[in-house]
Amino acid sequence: MDAKEVESLIRQGIPDAHVEVRDTTGGGDHFEALIVSTVFEGKGLVERHQTVYKALGDAMRVRVHALSLKTLTPTQYENRR
Amino acid sequence: MSEAIERIQSAIRSNKIQVFMKGTRSFPQCGFSAATVQILEELGVPFGTTDVLADPELREEIKRYSDWPTIPQVYVDGKFVGGCDIIRELYESGELQTLVKNAVGQGAQQ
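Same order as they appear, the protein sequences are chains A and B. Residue numbering for the first sequence is 47 to 127, as defined by our numbering. Residue numbering for the second sequence is 614 to 723, as defined by our numbering.
Structure representation (structure tokens):
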């Protein structure tokens, strides 16, 4: 599984999301992702991560060994820049 | 109710702060579990750990228990708080310190 595939699964689940995925080891199973979306507004971190895990579905259980997540609302993202 | 659920519930009842992890506190078997334990040790609060690698049934059940597909998982006062990324983020913002001190403080008063 490559980073592009992870990106596209997340985008399918969260259509308005800005998604950046990096394969941290080059092995196709360890990734880190930055996801910016309005769906995170008013949600705690647990719920935000669950939303991303749901988008990945079975891939998360079977093909992804590790996924480090940063989930931000557009406002939080702007404030970080 | 499966026995694995009972083992999960017993662990989070017995420890104000409970970590389900890969490996043991002294010998974590995964970088994310190691990082989580390191943060809690930094805070200097007592916490319990359960090695999911030693209990395959619990390892599967814990993923359903909080609808969370990855290990480690940290519970404070019986409530799921997050995995490694969330623990790190809460630690950096200072929220984790407040959360665990409140939990441990309550224990001391009882």
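Note that the Cβ used here is the ideal one computed from N, Cα and C, for glycine as well.
By the criterion of Cβ-Cβ separation under 8 Å, what are the contact partners of residue i in chain A?
i	result
G695 of chain B	L91, V92 and H95
Does the separation of the CB atoms of residue i and residue j fall below 8 Å?
i	j	result
V689 of chain B	V665 of chain B	no
K116 of chain A	L80 of chain A	yes
S83 of chain A	D698 of chain B	no
S646 of chain B	G636 of chain B	yes
A105 of chain A	M47 of chain A	yes
P682 of chain B	R107 of chain A	yes
F660 of chain B	V632 of chain B	yes
A581 of chain B	L671 of chain B	Beyond the ends of chain B as shown, which are 614 and 723, falls residue 581 of chain B; an answer cannot be given.
E78 of chain A	R68 of chain A	yes
H76 of chain A	A112 of chain A	yes
I684 of chain B	M634 of chain B	yes
G691 of chain B	I630 of chain B	no
G565 of chain B	Q710 of chain B	Residue 565 of chain B is absent from the structure shown; chain B starts at 614 and stops at 723.
I56 of chain A	V98 of chain A	yes
I621 of chain B	Y704 of chain B	no
Residue i touches chain B at which residues, Cβ-Cβ below 7 Å?
i	result
Y99 of chain A	P682
I'd like to know if residue i contacts chain B, where contact means its C-beta is closer than 8 Å to some C-beta of that chain.
i	result
A79 of chain A	no
A63 of chain A	no
For a contact defined as C-beta to C-beta under 8 Å, what are the partners of residue i on chain B?
i	result
S83 of chain A	Here the premise fails: no neighbours, minimum Cβ distance about 16 Å.
L115 of chain A	D698
For a contact defined as C-beta to C-beta under 9 Å, what are the partners of residue i on chain B?
i	result
M106 of chain A	P682 and T683
A49 of chain A	Under the 9 Å cutoff, chain B gives no residues; its nearest Cβ is about 17 Å from A49 of chain A.
Is residue i close to chain A, meaning its C-beta is less than 8 Å from at least one C-beta of that chain?
i	result
E702 of chain B	yes
D698 of chain B	yes
Q723 of chain B	Bear in mind that the predicted position of Q723 of chain B carries a pLDDT of just 41, short of 50, making it unreliable; the figure below should be weighed with that in mind. Chain A contact via Cβ: absent.
F660 of chain B	no
Under 9 Å (Cβ pairs) to chain A, residues found in the region 672–688 of chain B: Within the region 672–688 of chain B, the residues whose Cβ lies closer than 9 Å to some Cβ of chain A are K676, S679, D680, W681, P682 and T683, listed in chain order.
Residues of the region 643–656 of chain B whose Cβ lies closer than 9 Å to any Cβ of chain A, in chain order: Cβ contacts with chain A: C643, G644 and F645.
Ranges of the alpha helix (DSSP H) found wholly within the region 631–706 of chain B, counting only runs of at least 4: Complete alpha helix (DSSP H) runs here, min 4: 644–656, 669–678 and 697–706.
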